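Participant: First the structure, then my questions, so here it is.
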Amino acid sequence: MTSKQVVIIGQGQAEVSTNFNLLGAILLIFIIMLELKDKLLAKTELSEGRSIQSALMPNQNPAIPGWDVWMYSRPANDVGGDLVDYLPLDSNKYGLSLADVSGKGLGAALFMAKLQATIRALAPDYTSLSQFISKLNQIFHRDTIANRFASLLYLQIEAKNSEIKYINAGHFPPLIIEANKIRELSKGDVALGLSPSSSYKEQSIILNENEIFFVYSDGLTEAMSESSVFFGEQRLKDLLLQLKKYPANYIGENILKQVDYFMGEKDPTDDLSMIILKKR
Numbered sequence: 012m013t014s015k016q017v018v019i020i021g022q023g024q025a026e027v028s029t030n031f032n033l034l035g036a037i038l039l040i041f042i043i044m045l046e047l048k049d050k051l052l053a054k055t056e057l058s059e060g061r062s063i064q065s066a067l068m069p070n071q072n073p074a075i076p077g078w079d080v081w082m083y084s085r086p087a088n089d090v091g092g093d094l095v096d097y098l099p100l101d102s103n104k105y106g107l108s109l110a111d112v113s114g115k116g117l118g119a120a121l122f123m124a125k126l127q128a129t130i131r132a133l134a135p136d137y138t139s140l141s142q143f144i145s146k147l148n149q150i151f152h153r154d155t156i157a158n159r160f161a162s163l164l165y166l167q168i169e170a171k172n173s174e175i176k177y178i179n180a181g182h183f184p185p186l187i188i189e190a191n192k193i194r195e196l197s198k199g200d201v202a203l204g205l206s207p208s209s210s211y212k213e214q215s216i217i218l219n220e221n222e223i224f225f226v227y228s229d230g231l232t233e234a235m236s237e238s239s240v241f242f243g244e245q246r247l248k249d250l251l252l253q254l255k256k257y258p259a260n261y262i263g264e265n266i267l268k269q270v271d272y273f274m275g276e277k278d279p280t281d282d283l284s285m286i287i288l289k290k291r
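Residue numbers (the working numbering): 12 to 291.
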């Protein structure tokens, strides 16, 4: 018969074991609390970052005689890399920007703020858009990091004038919504930050009354449904033709509603921005 040894733990040993287990539990709780604290602090900082970024963006659409203007941007996360901005250049002339900095999150947001500040600092000093964007590109290339770039559509309009002057630096071609069709303008030049010696060509277009100049970022056409289908350019064009007779803000807000309905419960994967210029 095999004998079994029975070990009797005394009261002191039991207390030590209990205290040790309790200490381990307290230590585990403490570690969890520290991790939660860091996460809460990070969330708070990102929330503050979003508030600051929102404050940097225009809080209302510019009132420009002869033009109906609507501008909009929303980040996919707490902060984003899309830029939508406008700047009065004089009493009659305005510069408008829509840019998309590569990457996501805080890094893209920081470079977006840098790009916005540089545009605002340089734009009033240049009469040539080509020279302005070339200088902007040199500065962005100098101050950026490897593999970081930005697409930009910079527009210049004048009150009561039908002409839009613009430069496209690596962005989607603008769409022109006419009476019965949509026309896609030619592709632009290279994105900002890829080469310090890139050159940029100024282009221009004259809009007739009620025609629309539409600019957007890829967060619009690449919005994805729950079944992983893109919203797509054709769906956007069909929608623009349906909405073309309405004011710019109505067009933009209804595009947003359709995109959100299309996505359902799917979270956005990219920032979404638009500029709509309608000739009055």
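Even glycine gets a Cβ: it sits at the ideal position worked out from N, Cα and C.
This structure is a prediction, so every number in the text was calculated from the model and none was measured.
(1) Going by DSSP in three states, Val95 sits in which element: helix, strand or coil?
(2) So Asn260 is in the alpha helix (DSSP H); what residue range does that whole segment cover?
(3) Which class does Asn179 belong to by DSSP, given the choice of helix, strand or coil?
(4) For a minimum of 4 consecutive residues, which ranges assigned as the alpha helix (DSSP H) are wholly contained in the region 215 to 256?
(5) Tell me the rounded alpha-carbon separation between Lys77 and Lys146.
(6) Whether or not the region 200 to 209 and the region 227 to 247 are in contact is what I'm after, with contact meaning three or more pairs of Cβ atoms, one per stretch, closer than 8 Å; do they touch?
(7) Identify whether Gln146 lies in helix, strand or coil by the three-state DSSP scheme.
(8) Strictly by DSSP, which residues pair up with Ser108?
(9) Determine, using beta carbons only, whether Tyr97 comes closer than 8 Å to chain D.
(10) Near Ile286, which residues of its chain fall below 7 Å by C-beta distance, leaving aside the five closest residues on each side in sequence?
(11) Can Lys290 and Asn221 be called in contact, C-beta distance under 8 Å?
(12) For Ile262 and Leu254, what's the separation of their Cα atoms in angstroms?
Facilitator: Reading off the structure:
(1) DSSP places Val95 in the strand class (E or B) of the three-state scheme.
(2) Element bounds for Asn260: Ala259 to Met274.
(3) Strand at Asn179.
(4) The qualifying runs are 229 to 232 and 244 to 254.
(5) Residue identity check: residue 77 is Gly in the sequence provided, not Lys. Our two residues, Gly77 and Lys146, have alpha carbons roughly 30 Å apart in a direct line.
(6) Short answer: they don't touch.
(7) Just to set this straight, residue 146 is Lys in the shown sequence, not Gln. In the structure shown, the three-state DSSP call for Lys146 is helix.
(8) Beta-bridge pairing links Ser108 to Asp96 and Tyr165.
(9) In the displayed structure, chain D is absent; only one protein chain is listed.
(10) These residues qualify, in order along the chain: Met82, Val95, Leu107, Leu109 and Val226.
(11) Their beta carbons are under 8 Å apart, which means Lys290 touches Asn221 by this criterion.
(12) CA-CA distance, Ile262 to Leu254, rounds to 6 Å.
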